[in-house]
Structures are given as structure tokens and as C-alpha cells.
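Each remark here refers to the structure printed beneath this line.
Residue numbers (my numbering): 2 to 101.
Shown next as C-alpha cells:
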């Protein structure tokens with residue numbers, strides 16, 4: 002799992018994305034789904050509330066890894082435990098089509 006602030010290229014994507022969030026739960030067609038990440042276009046940032054959702058398997062290249070310290074390590078441990086306990090409530094979302 003990459004830290005917030007990491008910059009990535011997405012498979013078949015046209016822009017770099019900056020990771021804003023890990024494990025967002027989004028309602029799609031009346032069902033709550035979980036993605037690995039949410040992001041925004043880099044270097045523009047969050048514009049017009051356009052948040053993009055994607056998963057580890059959609060990442061083609063890590064350009065820059067965000068800041069990490071002991072708080073990040075603790076977060077990842079707790080998040081992984083939470084994810085294991087909650088996957089049956091929130092199935093993993095699928096990216097349909099290109100992430101622009």
C-alpha cells in the first residue's frame with residue numbers, strides 16, 4: 002500500500018495521479034464498494050471535486066512514493082486488519098474503462 006501523496010501512472014491512463022486516500026468506500030449503483038485508492042490529477046490537484054478511484058492492479062508505475070513514518074506504518078497495520086474484517090461488507094470495486 003502506497004502512502005498518501007504518492008504519484009503514480011495508471012495502466013492505459015493519460016495523466017499522473019496523486020494518491021489522496023486509501024480504502025475509500027463508494028456507493029455505486031446502490032452498492033457500497035471499496036477501492037484501494039482515491040486520487041486526483043497531478044499536478045493540478047483536486048479540481049471540481051473530481052475524485053478518481055483505482056486499485057493496486059491499475060497502477061503501472063510508481064513515480065514518487067509519499068512520506069512515510071511510524072504513524073504510516075501503524076496506519077497500514079490497522080488498515081490491513083480492518084480490511085480483512087470488512088471485505089464481506091464492502092466488496093472490492095472494479096475500474097471500468099480508462100482512468101483519464
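Cβ coordinates follow ideal geometry from the N, Cα and C atoms, glycine included. If you're wondering where the values come from, they're calculated on a predicted model, not measured in any experiment.
- Look at residue 32 here: in three-state DSSP terms it is strand.
- Counted as a single uninterrupted DSSP element, the alpha helix (DSSP H) harbouring residue 73 occupies residues 71-87.
- Under the three-state reduction of DSSP output, residue 10 falls in the strand class.
- Residue 62 carries a strand assignment under DSSP once its states are collapsed to helix, strand and coil.
- Residue range 18-23 is occupied by the beta strand (DSSP E) that includes residue 20.
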